[in-house]
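Asker:
Chains as they are written, first to last, in our numbering: chain C, 61 to 308; chain U, -14 to 109.
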């Protein structure tokens, strides 16, 4: 008998909530979070929770140094000095960016209505761009965890650009390769300079660059406290990003 | 016919020029641009002169001439037009102390409209 074809267009949107609690717990015990229930419950969307992106004090950071950045979102005034410094330091063409600033407007808010949100590559622990790359042109550095590019291997298929949840990649037409933020590794860190160009250029101390594996760093201290909320952008992507946001 | 055409164009240009000049002169005389954009020491800082003088009902002598000279943006030429001075009660800090006006270490984007806010105003 030929099985009946799935009528995808008329399938109901189903949330994980419709799965019985005991069932979900069963999966949790196996190390999976149920993130979706598709095709009438025949297909389960599962996500590994083995190493969740929570910054618990017990967590061991896999890289040394484990480079990351903390962004005090409310301090940003969109002066674009970070972007200018980045372009100058890393030779970024005008049609691309390694870091940019988003604007969030809440017109009905009391008093202040605008907030600026600096974004850059999140140097994810589970980078979808690396998973997607067919030639291993983009890879996670084994020592410091920076998501890097091997320009010679890039074939320009742009799979990584599509895979990136943060829109942090651009195609550099001059070198015929995708390019991205490398936390200024090539231009600065590898030459012994301690911080990125954007963090250095910021007049409002928005960007704090540091080592998440170093318990003495400001990044570590802010990520491991409970008084102030710290968040990441698009946690649902499961990429375990390393750019943290807070206010203060 | 041709002379008529040329003279018409000439008159149009002249009148246009006249309008343009008188307009800009008038604006300068009154010295009351509704919104002043500061670019130093950091770009895209907006000051709504109209709101301060009309909506909030602050009389001219509160700011002029002690805190700010009448000429717009003249204050930028001084070396100390910055937050450090504000916290000592200079310039904007005279009122923006958290009591009279909102505190200057909070709600940054109400004055700092940023490059994106600047693009919207169409000013440079």
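The C-beta atom is built at its ideal place from N, Cα and C for all residues, glycine as well.
With a floor of 4 residues, list each alpha helix (DSSP H) that falls wholly inside the stretch 256 to 293 of chain C, ordered by position along the chain.
Answerer: Listed in chain order, the complete alpha helix (DSSP H) runs (minimum 4 residues) inside the stretch 256 to 293 of chain C are 257 to 261 and 278 to 283.
Asker: Tell me, please, whether the stretch 286 to 302 of chain C touches the stretch 218 to 227 of chain C by the rule of three or more beta-carbon pairs shorter than 8 Å.
Answerer: Short answer: they touch.
Asker: Is the CB-CB distance between residue 286(C) and residue 128(C) below 9 Å?
Answerer: No, the Cβ-Cβ distance between residue 286(C) and residue 128(C) is not below 9 Å.
Asker: Express the C-alpha separation of residue 79(U) and residue 73(U) in angstroms, rounding to a whole number.
Answerer: Cα-Cα distance, rounded: 8 Å.
Asker: Who pairs with residue 31(U) in a beta bridge, going by DSSP?
Answerer: Answer is 22(U).
Asker: Start and end of the alpha helix (DSSP H) containing residue 144(C)?
Answerer: Unbroken alpha helix (DSSP H) run through residue 144(C): 141 to 150.
Asker: Taking all protein chains shown into account, do 16 or more other C-beta atoms lie within 10 angstroms of the C-beta of residue 236(C), making it buried, or fewer, making it exposed?
Answerer: Counting Cβ neighbours within 10 Å, residue 236(C) comes out exposed, since fewer than 16 surround it.
Asker: Where does residue 297(C) fall in DSSP's three states?
Answerer: If DSSP states are grouped into helix, strand and coil, residue 297(C) belongs with the helices.
Asker: Taking any Cβ of chain C, which residues in the stretch 79 to 93 of chain U have a Cβ under 9 Å from it, in chain order?
Answerer: Of all residues in the stretch 79 to 93 of chain U, 87, 91, 92 and 93 have a Cβ within less than 9 Å of some Cβ in chain C.
Asker: Which same chain residues end up closer than 7 Å to residue 9(U) when comparing Cβ atoms and leaving out the 5 residues on each side of it in sequence?
Answerer: Model confidence at residue 9(U) stands at a pLDDT of 48, short of 50, so the residue's coordinates are unreliable and nothing is read from them.
Asker: Here's the rule I'm using: 16 or more other beta-carbon atoms within 10 Å means buried, otherwise exposed. How should residue 135(C) be labelled?
Answerer: With 16 or more other Cβ atoms within 10 Å, it is buried.
Asker: Which first and last residues belong to the beta strand (DSSP E) in which residue 70(U) is found?
Answerer: Taken as a continuous stretch (DSSP letters only), residue 70(U) belongs to no beta strand (DSSP E), being part of the alpha helix (DSSP H) at 68 to 71.
Asker: My output table needs one value for residue 51(U): the three-state DSSP class, helix, strand or coil.
Answerer: Of the three classes helix, strand and coil, the one that applies to residue 51(U) here is coil, per DSSP.
Asker: Return yes when the Cβ of residue 187(C) is within less than 9 Å of the Cβ of residue 299(C), no when it is not.
Answerer: Contact flag set, yes.
Asker: Which residue wins for smallest C-alpha separation from residue 242(C), given the options 302(C), 191(C) and 279(C)?
Answerer: Nearest C-alpha to residue 242(C): 302(C).
Asker: At which residue ranges does the stretch 168 to 228 of chain C contain complete beta strand (DSSP E) runs of 3 or more residues, listed in the order of the chain?
Answerer: Qualifying beta strand (DSSP E) stretches, in chain order: 174 to 180, 198 to 200 and 207 to 209.
Asker: Just the chain C side, please: which residues come within less than 7 Å of residue 101(U) by C-beta, in chain order?
Answerer: Chain C residues near residue 101(U): 138 and 163.
Asker: Need the endpoints of the beta strand (DSSP E) that residue 103(U) sits in, please.
Answerer: No beta strand (DSSP E) holds residue 103(U); the alpha helix (DSSP H) holding it covers 99 to 106.
Asker: Whose CA, out of 76(U), 46(U) and 92(U), lies closest to the CA of residue 170(C)?
Answerer: Ranking 76(U), 46(U) and 92(U) by Cα distance to residue 170(C) puts 92(U) first.
Asker: Could you tell me the alpha carbon to alpha carbon distance between residue 176(C) and residue 30(U), rounded to whole angstroms?
Answerer: Spanning the two alpha carbons is a distance of roughly 14 Å.
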